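*Asks:* The numbering of the sequence shown is my numbering, which starts it at 22 and goes up by one. Idealized CB from N, CA, C, for every residue including glycine. This one's a predicted model, so the numbers in the text were calculated from it and none came from an experiment. Below: one structure in C-alpha cells.
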Amino acid sequence: MTYNSRFYQDYLEKLQGFKQVNWVKNYLDLKSRPNFWTILEYGQIASSRQRSSHEIRYSKMIRWLFDANENHNLGNVFATKLIKRIDNQSNYQLDLAKNKQIKAIAESLEDIDIFYSDLNQEVCLAIELKQFTTEHESTGFDSQLDKYEEAVKSYINKKGKNIKPFYVYLTPLKEQPTNPNWYAVGYQELIEIITEVNDEYLVNSSDIYAADIIKIITDFKDDLQRSMDVLQKDTSYVTKNFSKEELDFTILLNQEIMGEEETEHMNKLKALAGDSETDLEELVFLINEYIYNQDHTPNDGVRLLIRKLYQYLAEEPKVDLNLDRKYRKEERFAKIKPEIIRQYNLNFSKIELTGGKGQGIHLLTEDESRSIYFSGDSKGRFPNTRLQLLAYSDRTDRGKKPVLTMSDKLSGGLYTADYNLVENDQIYRNLSKDEVEIKSIADLIKNDLFEAIKDLNTHLN
C-alpha cells in the first residue's frame with residue numbers, strides 16, 4: 022500500500038503525542054536506565070511484552086533469589102517472606118545461613134517453573150510464573166496447575182515426610198488461578214518483598230558483594246514494574262487517535278523492525294522525525310501491543326454473550342450457558358452451522374471458545390491456519406477491539422498468533438454486555454459517551470458482527 026507524506030506526518034505527530042502519555046513516559050524512563058534486563062533484550066525484543074525466553078529468565082532469577090546456597094548470602098529470606106504473605110500462620114523460620122537441605126530448582130518436577138524444598142523444616146513451594154500468557158490445558162488434566170499439584174504430591178510421597186506444600190500462581194496483575202489450591206501472587210507483592218529484603222538486610226550490610234546484589238535485585242524490581250506498567254496501561258489515547266489504517270500501518274512497521282519486511286516505511290518515518298527522536302521503534306512496539314494486548318479480566322455479561330454467540334454459530338455446541346462449568350479443549354471446538362457457511366460464503370468451518378474464562382471466539386479455516394477472532398473485556402465492552410484475522414497456526418517469538426489485518430466494520434466497544442440484558446437476548450449499543458440504546462443480540466449479529474466477519478472473509482478469497 023502507498024502512503025503519502027501527509028499520512029507519515031500525521032502518524033508521526035500521533036506517535037509524539039502518545040509519548041507524552043504518563044504511563045508511556047514512565048515506561049521509557051525505566052527503559053532508558055542502565056539495566057541488566059534491558060541489555061538482555063537489546064536487538065532482539067519483539068515488543069514491550071516480553072517473550073517466553075524472558076519468562077524463562079524470570080524463572081531463573083527467582084530461583085536464584087530463593088536458593089539459600091547462592092552467593093547473595095541471604096539464606097531463605099525470600100522464601101520466608103513469600104510464605105508468610107500467603108499464610109501468616111505458617112511457622113516457617115528465617116535462616117540466613119546456607120543450608121544443603123534447601124534446594125531451589127528451575128523447570129524441574131514436571132516442568133514446574135520454580136520448585137523450592139526445605140527438608141529440615143518440611144516445607145516445599147511450587148511457583149508457576151506467567152507473564153503474558155495464561156494457564157492452559159495439559160494432557161490428562163484440566164490445567165497445568167492440576168498436573169503440577171499432582172507432581173508435588175508424588176514428590177512428597179516419595180520423601181516419606183510430612184511436608185507442607187505451598188502453591189503459588191505468580192502473574193503481573195495477580196490473576197486468579199482456576200485451581201483454588203494455588204495462591205494468587207502479583208508482581209507488586211514480589212516488588213515489595215525485594216524492597217523489604219533490600220532495606221532490612223542489604224542497605225547496611227558489611228558483605229563485600231552487597232552493592233552488587235543491590236544492583237541485581239533493583240534491576241529485577243524495575244523490570245517487574247515495567248512489565249506491570251505495560252499491562253496496566255490506559256490505551257484510550259490509541260483508541261481515540263489511531264485509525265484502522267494507522268493501526269494496520271503499525272503492524273507493518275513492527276514487521277519491518279523485526280526484519281520480516283524491508284524497512285522502507287520505517288526509514289521514511291525516521292527521516293521525517295530527525296536524529297532527536299530516538300524512541301520511534303519503542304513507541305511502535307507499544308502501539309503494536311495495543312493490538313495484541315486485550316483486556317481479558319472476566320466479565321459475566323461478556324462471558325454469557327460469547328456463549329450465546331457460540332451457540333448461534335455452532336452446529337452441535339457442547340458449550341452451554343452455565344458460566345461455572347469448565348470445558349476441556351476438545352469440548353470448546355465445534356463445526357459452524359452449514360447454513361451459515363452457505364449464507365455468507367464463509368471460508369471458515371470451525372468455531373472455538375477460548376480457554377480460561379471463555380471471553381473470546383475463533384472462527385477457524387478447515388486446516389486451522391487462519392482464524393477470525395473477537396472477544397469482550399472486563400468492562401463489558403464488545404468487541405474488545407476490532408475483529409482480527411489471525412495466522413492461527415503460527416506463533417510470534419512471544420508465543421502469540423500474528424495479527425494479519427483487522428476489520429473496520431465493527432468498532433471496539435460499540436456494544437456493552439450487561440448480564441441481565443444478555444439473559445434476555447439484548448445488549449446496549451453505545452451511541453455516544455453518554456447515550457445508549459437497547460438492541461437485540463440478533464441485531465448485533467446481523468447488522469454488525471457478520472459485516473465484520475464478511476469483511477475479513479474476503480481476505481481469503
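1) According to the neighbour-count rule (16 or more other Cβ atoms, all chains shown, within 10 Å of its Cβ), is proline 201 buried or exposed?
2) Using the rule of at least 16 other Cβ atoms within 10 Å of the residue's Cβ for burial, across every protein chain shown, is arginine 27 buried or exposed?
3) Please report how far the alpha carbon of valine 140 lies from the alpha carbon of leucine 367, in whole angstroms.
4) With 16 as the cutoff for other CB atoms within 10 Å, does glycine 376 come out buried or exposed?
5) Taking only the alpha-carbon atoms, compute the straight-line gap between lysine 35 and aspartate 132 and give it to the nearest angstrom.
6) Could you give the DSSP three-state label for arginine 72: helix, strand or coil?
7) Put aspartate 286 into one of helix, strand or coil per three-state DSSP.
8) In the DSSP assignment, what are the bridge partners of asparagine 451?
9) Buried or exposed for alanine 118, going by 16 or more other Cβ atoms inside 10 Å?
10) For a quick check, are the C-beta atoms of threonine 386 and serine 399 less than 9 Å apart?
11) Could you check how far apart the C-beta atoms of leucine 431 and aspartate 388 are, in whole angstroms? I think they sit under 8 Å.
12) Please go through the same chain and pick out, in chain order, the residues whose beta-carbon is closer than 6 Å to the beta-carbon of tryptophan 85, but skip the five residues on each side of it.
13) For the pair the segment 435-448 and the segment 389-396, tell me if three or more CB-CB distances fall below 8 Å.
14) Tell me whether glutamate 303 is buried or exposed, calling it buried when 16 or more other Cβ atoms sit within 10 Å of its Cβ.
15) Can you check whether the CB of tyrosine 204 is closer than 9 Å to the CB of phenylalanine 187?
16) Between the beta-carbon of lysine 254 and the beta-carbon of leucine 307, is there less than 9 Å?
17) Which whole-angstrom value is the C-beta distance of valine 424 and isoleucine 272, which I expect to be below 8 Å?
18) Using CA coordinates, which residue listed in Ile474, Leu325, Asp345 and Leu95 is at the minimum distance from tyrosine 365?
19) Quick check: glutamate 351 and tyrosine 32, are their CB atoms within less than 9 Å of each other?
20) How about glycine 379 and asparagine 405: do their beta carbons lie closer than 9 Å?
21) Step through the CB atoms of chain C and report whether any lies within less than 9 Å of the CB of glycine 433.
22) Beta carbon of leucine 95, beta carbon of leucine 191: below 9 Å?
23) Go ahead and pull the three-state DSSP assignment for tyrosine 333.
24) What distance in whole Å lies between the Cβ atoms of leucine 130 and tyrosine 176, which are believed to be in contact at a cut-off of 8 Å?
25) Work out the CA separation of methionine 82 and methionine 287 for me, nearest whole Å.
26) Whole angstroms are fine: how far does the CA of valine 218 sit from the CA of leucine 150?
27) Find the nearest neighbour of arginine 353 within the set Val45, Pro359 and Glu337, judged by alpha-carbon distance.
28) Is the beta carbon of serine 138 closer than 9 Å to that of lysine 124?
29) Just to confirm before moving on: does the CB-CB distance between glutamate 298 and lysine 289 stay below 9 Å?
30) Within its chain, find whatever has a CB closer than 6 Å to the CB of valine 457; leave out the 5 residues flanking it on each side and keep chain order.
31) Count the other CB atoms, across all protein chains shown, that sit within 10 Å of the CB of asparagine 25; report buried if there are 16 or more and exposed otherwise.
32) Quick one: residues in its chain with C-beta nearer than 7 Å to the C-beta of tyrosine 331, no 5 flanking neighbours on either side, listed in chain order?
33) Less than 9 Å between the C-beta atoms of arginine 106 and valine 206, yes or no?
34) Look up lysine 356 in the DSSP assignment and say whether it is helix, strand or coil.
35) My output table needs one value for histidine 480: the three-state DSSP class, helix, strand or coil.
36) So asparagine 47 and aspartate 244 are supposed to be a Cβ contact under 8 Å. How far apart are they, rounded?
*Replies:* Concretely, from the data shown:
1) As a working mapping, residue 201 is identified with position 180 in the sequence shown. Around the beta carbon of proline 201, fewer than 16 other beta carbons lie within 10 angstroms, which makes this residue exposed.
2) Looking up residue 27 in the sequence shown gives position 6. Counting C-beta atoms within 10 angstroms of its own C-beta, arginine 27 has fewer than 16 neighbours from the protein chains shown and is therefore classed as exposed.
3) Translated into positions along the sequence shown, residue 140 becomes position 119. Translated into positions along the sequence shown, residue 367 becomes position 346. The sequence given here places leucine at residue 140; valine does not occur at that position. Cα to Cα, the separation comes out at about 60 Å.
4) Taking the first residue of the sequence shown as position 1, residue 376 is located at position 355. Burial call: buried.
5) Within the sequence shown, the letter at position 14 stands for residue 35. Within the sequence shown, the letter at position 111 stands for residue 132. CA-CA distance, lysine 35 to aspartate 132, rounds to 44 Å.
6) Along the sequence shown, one-based indexing puts residue 72 at 51. The predicted position of arginine 72 is uncertain, since its pLDDT is 42 and thus under 50; no value can be drawn from it.
7) For the purposes of this step, residue 286 is taken as the residue at position 265 of the sequence shown. The amino acid at residue 286 is misidentified as aspartate; the sequence shows histidine. In the displayed model, histidine 286 falls within a helix according to three-state DSSP.
8) Locating residue 451 in the sequence shown gives position 430, counting from the first residue. According to DSSP, asparagine 451 bridges with Val457.
9) Indexing the sequence shown from 1 puts residue 118 at position 97. Result: exposed.
10) Mapped onto the sequence shown, residue 386 falls at position 365. Mapped onto the sequence shown, residue 399 falls at position 378. When the beta-carbon positions are compared, threonine 386 and serine 399 stay at least 9 Å from each other.
11) Sequence index remark: in the sequence shown, residue 431 carries index 410 (1-based). Sequence index remark: in the sequence shown, residue 388 carries index 367 (1-based). Leucine 431 to aspartate 388, Cβ: 26 Å. No contact.
12) Within the sequence shown, the letter at position 64 stands for residue 85. Answer for tryptophan 85: Glu91, listed in chain order.
13) Taking 8 Å as the limit for Cβ pairs, the verdict is that the segment 389-396 does not touch the segment 435-448.
14) Within the sequence shown, the letter at position 282 stands for residue 303. It counts as buried.
15) For the purposes of this step, residue 187 is taken as residue 166 along the sequence shown, with counting starting at 1. For the purposes of this step, residue 204 is taken as residue 183 along the sequence shown, with counting starting at 1. At the C-beta level, phenylalanine 187 and tyrosine 204 come within 9 Å of one another.
16) Working through the sequence shown from its first residue, we reach residue 254 at position 233. Working through the sequence shown from its first residue, we reach residue 307 at position 286. In this structure, lysine 254 sits near leucine 307, with a CB-CB distance shorter than 9 Å.
17) On the sequence shown, residue 424 is found 403 positions in, with the first residue counted as 1. On the sequence shown, residue 272 is found 251 positions in, with the first residue counted as 1. Contact flag correct, Cβ pair sits at about 6 Å.
18) Working through the sequence shown from its first residue, we reach residue 365 at position 344. Residue nearest to tyrosine 365 within the set Ile474, Leu325, Asp345 and Leu95 is Ile474 (criterion: CA-CA distance).
19) Within the sequence shown, residue 351 is the residue found at index 330, counting from 1. Within the sequence shown, residue 32 is the residue found at index 11, counting from 1. In terms of Cβ geometry, glutamate 351 and tyrosine 32 do not form a close pair [threshold 9 Å].
20) Here residue 379 is taken as the residue at index 358 of the sequence shown, counted from 1. Here residue 405 is taken as the residue at index 384 of the sequence shown, counted from 1. No. Outside cutoff.
21) Looking for chain C here will not work: only one protein chain is present.
22) Taking the first residue of the sequence shown as 1, we reach residue 95 at position 74. Taking the first residue of the sequence shown as 1, we reach residue 191 at position 170. Cβ atoms of leucine 95 and leucine 191: not closer than 9 Å.
23) For the purposes of this step, residue 333 is taken as residue 312 along the sequence shown, with counting starting at 1. Helix at tyrosine 333.
24) Position 155 of the sequence shown, counted from the first residue, corresponds to residue 176. Position 109 of the sequence shown, counted from the first residue, corresponds to residue 130. Right, their Cβ atoms sit about 6 Å apart.
25) Numbered from its first residue, the sequence shown carries residue 287 at position 266. Numbered from its first residue, the sequence shown carries residue 82 at position 61. Between methionine 287 and methionine 82, the alpha-carbon positions lie close to 35 Å from each other.
26) Residue 150 sits at position 129 when you count from the first residue of the sequence shown. Residue 218 sits at position 197 when you count from the first residue of the sequence shown. If you take the alpha carbons of leucine 150 and valine 218, they lie about 21 Å apart.
27) Taking the sequence shown and counting its residues from 1, the one referred to as residue 353 is at position 332. Checking every option, the nearest Cα to that of arginine 353 belongs to Glu337.
28) For the purposes of this step, residue 124 is taken as residue 103 along the sequence shown, with counting starting at 1. For the purposes of this step, residue 138 is taken as residue 117 along the sequence shown, with counting starting at 1. In terms of Cβ geometry, lysine 124 and serine 138 form a close pair [threshold 9 Å].
29) In the sequence shown, the residue the question calls residue 298 occupies position 277. In the sequence shown, the residue the question calls residue 289 occupies position 268. It is not a contact, given that the beta carbons lie outside the stated cut-off.
30) One-based indexing of the sequence shown puts residue 457 at position 436. Cβ neighbours of valine 457 beyond the five flanking positions: Tyr449 and Asn451.
31) Translated into the one-based positions of the sequence shown, residue 25 becomes position 4. Classified as exposed, asparagine 25 has fewer than 16 neighbouring CB atoms from the shown chains inside 10 Å of its CB.
32) Mapped onto the sequence shown, residue 331 falls at position 310. Sequence-distant Cβ neighbours of tyrosine 331 in its own chain, meaning closer than 7 Å and more than five residues away, are Pro338, Val340, Ile372, Leu374 and Ile382.
33) Here residue 106 refers to the residue found at position 85 when the sequence shown is read from its first residue. Here residue 206 refers to the residue found at position 185 when the sequence shown is read from its first residue. Contact flag set, yes.
34) Within the sequence shown, residue 356 is the residue found at index 335, counting from 1. Secondary structure of lysine 356 (DSSP, three-state): strand.
35) In the sequence shown, the residue the question calls residue 480 occupies position 459. The answer is helix: DSSP assigns histidine 480 an H, G or I state.
36) Within the sequence shown, numbered from 1, the residue matching residue 47 stands at position 26. Within the sequence shown, numbered from 1, the residue matching residue 244 stands at position 223. In this structure asparagine 47 is not in contact with aspartate 244, their Cβ atoms being roughly 13 Å apart against a cut-off of 8 Å.
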